[in-house]
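Heads up, the final residue of the sequence shown is numbered 274 in my numbering, and it's a clean run with no missing numbers. Cβ coordinates follow ideal geometry from the N, Cα and C atoms, glycine included. This one's a predicted model, so the numbers in the text were calculated from it and none came from an experiment. To start, the structure itself, in C-alpha cells.
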Amino acid sequence: MDVLYEIKQKYSTFSIKEKIIAEYILNSKNSINNISITELAKAIGTSSSTLTRFSKKINCESFVDMKMKLNSNNSNLTHKKGNDSLFSAVYNYYSEVIEKSNELLDKKLILKIVQKILKAKKIYIYGVGSSGLTAQEFMQRLLRMGFNVSSISDSHMMIINSAIVSSEDLVIGISISGETKEVVNALRICQKNKAKIIAVTSFPKSSITKYANDIISICNSDFINKKNFINTQFSTMYLFDLISTILLEDPELNKKMQTTIDAILK
C-alpha cells in the first residue's frame, strides 16, 4: 500500500490536527523512520493517541505499521539527487511533480474529456487566483483551435454565467484544494442547469467533486515542497498540455491553430 497516496487522497477529510500530521509526513517522509511516536507527537504538538488514530485512518494497523510502509515506499523512490545546488533542487521538484502527475492521470478519462470538449456547444472554464490564470491560458489555446470558449475568474461573473449554462455546455472547474468557495457555488448552480461538469482538483473527495460528472485528479506540488516557491499550477498545466496535444492531432483543429499563429506573426 502507498501510504503517501492514501494521505493525499484523504487529506481534505482530515481534521486540523490530522492535516498537521499529514503535512509533516508528506514533507519529511525520509525522517519518519528514525523518530518514535512520542518524539513526533511532541515535535508537531499533538498526542500519541492522535497519531495512532491517524495511522488507522490511512489504513495502517498502527504508527509502527505506518512507518514500515513509509520506509518501503521511500526505498522504491528514485529521485535525481545531483548536487545540492538550488538549480538541482528546483529541477528535482518539477521532475517529481511531472512524475506524480503522470501517475495520477487516467488515460481513458482524458480521452473521454477530449470528446466532451469536441462535442460541447460552449465551454466555460472557472478558476480563482492562480487557477484563474491557468483557466485563461487553457481558454486561449482552445480559442485558437476554434472552440467557443470563455474563462471566468470573477466570482460575480461566475455565478451569473452558471445561471445561464445549458445541458449542451461543458464547464471545467479548477480548484487545487477542491474547496474554493466561488467555484464550488458556481458548479452547484451549473449542476442544477444540467451542464456537463469536469472538476480538476488534488482532492477527489472535496466539495467541488460533489457537482462534477468527471473528476481529474492532479498532483499537489505543496505535498512535494511547501517551503519554497513552487508553482502550484504546474500539474494543471501539464494536464492541459496533454489535452491540447491530443486535440491538435485533429488536422482541422491544427489548421485553425496555425492560422491564428500566422495572424499573430503578421
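- In terms of Cβ geometry, Thr217 and Ala203 do not form a close pair [threshold 8 Å].
- Here Thr21 carries a helix assignment [DSSP, helix/strand/coil].
- The alpha helix (DSSP H) runs of length 4 or more contained entirely in the region 34–86 are, from start to end of the chain, 45–52, 56–65, 71–83.
- Per DSSP, reduced to three states, the secondary structure at Asp222 is strand.
- Just so you know, the alpha carbons of Ile33 and Ile40 end up roughly 7 Å apart.
- For Lys204, the three-state secondary structure derived from DSSP is strand.
- Restricting attention to Glu26, Ala49, Ile43, the CA atom closest to the CA of Phe62 is found in Glu26.
- Taken atom to atom, the span from the alpha-carbon of Ile184 to that of Phe95 is near 26 Å.
- Taking all protein chains shown into account, Lys75 has 16 or more neighbouring C-beta atoms within 10 Å of its C-beta and is therefore buried.
- Sequence-distant partners of Ile45 (beyond 5 residues in either direction) whose C-beta falls short of 6 Å from its own C-beta, in its chain, are Ser56, Leu59, Phe71.
- Counting the other Cβ atoms within 10 Å of the Cβ of Leu126 gives fewer than 16, which makes it exposed.
- Proximity to Leu247 across Gly135, Phe146, Ser214 peaks at Phe146, based on C-alpha coordinates.
- Here the alpha carbon of Ala143 sits roughly 7 Å from the alpha carbon of Ile182.
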